[in-house]
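Remarks on the structure that follows.
In my numbering, the protein residues as written are 9 to 360.
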């Protein structure tokens with residue numbers, strides 16, 4: 009538990025102190041947000057707000073993870089390092105996308121094909137490594153199985169598993185990216201999911217099959233270190249949210265949103281809760297579905313279901329204040345995370 013507290017506290021402090029430094033640095037260099045002309049008109053006043061704040065989240069989380077292990081003299085684990093690799097790799101793709109937007113002074117960065125290729129390459133490396141490197145008990149960070157509260161009994165094979173992992177990584181990194189449309193929205197929405205994974209990793213540690221073999225125990229490699237990773241990123245995210253809350257003084261950009269989506273997918277895969285993530289991160293899923301519905305319905309009928317997609321912009325155009333949307337969507341995110349945690353713990357409830 010000390011590891012988790014140190015990781016969260018260091019991530020919080022580094023991000024809280026580092027974000028204003030990033031704001032000043034990015035402002036001096038002109039690293040400001042570009043706004044689409046066809047977007048919500050109220051957002052045009054945000055043009056020039058420093059972006060690429062996700063670099064602070066990623067760096068603070070990495071340093072917090074290292075500080076936790078240094079303080080406790082515990083060596084890093086394969087599971088934790090793989091999830092951090094996924095976060096950092098996708099963050100690098102997002103950084104390149106953000107930098108191109110700033111350099112070329114436009115709202116579009118990497119071409120969609122190049123961006124997807126970067127996500128797929130990082131995801132493929134992660135998928136290849138995550139089913140290898142067993143510990144002394146023969147437990148690998150993941151197995152070639154789909155999971156909900158734990159792995160299902162049947163294997164989908166290495167090819168099927170790789171495809172499934174890539175779908176998760178690309179899907180959730182883009183889902184967080186779509187959620188990042190209002191000040192503080194993505195930060196708060198992903199923060200509650202990371203908090204849930206701190207609890208999940210800690211619970212899996214206390215009920216692992218190595219220490220106490222039982223009907224509900226967990227065959228998860230390095231559950232404590234996965235909780236440390238979640239705590240480090242959560243602490244960094246809370247420190248960033250202090251400056252990103254409405255009215256935001258800095259945006260996370262694709263650097264942050266892709267990295268956060270990657271860390272959520274990585275935690276779900278390594279804790280064997282892949283399908284549960286759909287519920288835990290329900291707000292991001294709902295927002296992504298609004299885009300799919302909008303595009304699909306428009307192609308079929310030429311009409312729109314929402315005034316604008318993603319969903320948060322629909323409510324903006326209906327006249328809701330930005331802070332109202334953010335707070336209400338945060339509440340939805342909390343309810344989704346609470347539901348997911350409830351399902352996770354339900355099998356431990358006393359049987360009547």
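No residue lacks a Cβ here, since even glycine has one placed at the ideal position from N, Cα and C.
Segment contact: the stretch 62–74 against the stretch 289–299, fewer than three CB-CB distances shorter than 8 angstroms; contact not assigned. Apart from the 5 residues on each side of it in sequence, residue 178 sits with its Cβ closer than 6 angstroms to the Cβ of 127 in its chain, given in chain order. As the crow flies, the alpha-carbon of residue 331 is around 7 angstroms from that of residue 254. In the structure shown, residue 163 falls within a coil segment according to DSSP collapsed to helix, strand and coil.
Under the Cβ criterion (8 angstroms, minimum of three pairs), the stretch 179–197 counts as touching the stretch 268–287. Measuring C-alpha to C-alpha distances from residue 282 to each of 175, 81 and 333 identifies 175 as the nearest.
Here DSSP, grouped into helix, strand and coil, assigns residue 28 to helix. Bounds of the alpha helix (DSSP H) holding residue 205 are 193–214. Judged by DSSP secondary structure, residue 231 falls within the alpha helix (DSSP H) whose first and last residues are 231–252. Around the Cβ of residue 161, a 10 Å sphere holds fewer than 16 other Cβ atoms; the residue is exposed. Bounds of any alpha helix (DSSP H) do not take in residue 326, whose DSSP letter is neither H nor E. Sorting 76, 59 and 153 by C-alpha distance to the C-alpha of residue 251 places 59 at the top. When secondary structure is reduced to three states using DSSP, residue 145 falls in the coil class, being assigned neither helix nor strand.
Beta-bridge annotation (DSSP): residue 226 is paired with 216. Put simply, the backbone Cα of residue 336 is about 14 angstroms away from that of residue 345. Apart from the 5 residues on each side of it in sequence, residue 96 sits with its Cβ closer than 8 angstroms to the Cβ of 66, 70 and 267 in its chain, given in chain order.
9 angstroms or more divides the Cβ of residue 341 from the Cβ of residue 236. Leaving aside the five residues that flank residue 23 on each side, the residues in its chain whose CB is nearer than 6 angstroms to its CB run, in chain order, 64, 68, 244, 247 and 248. The alpha carbon of residue 259 has as its nearest neighbour, out of 189, 213 and 328, the alpha carbon of 189.
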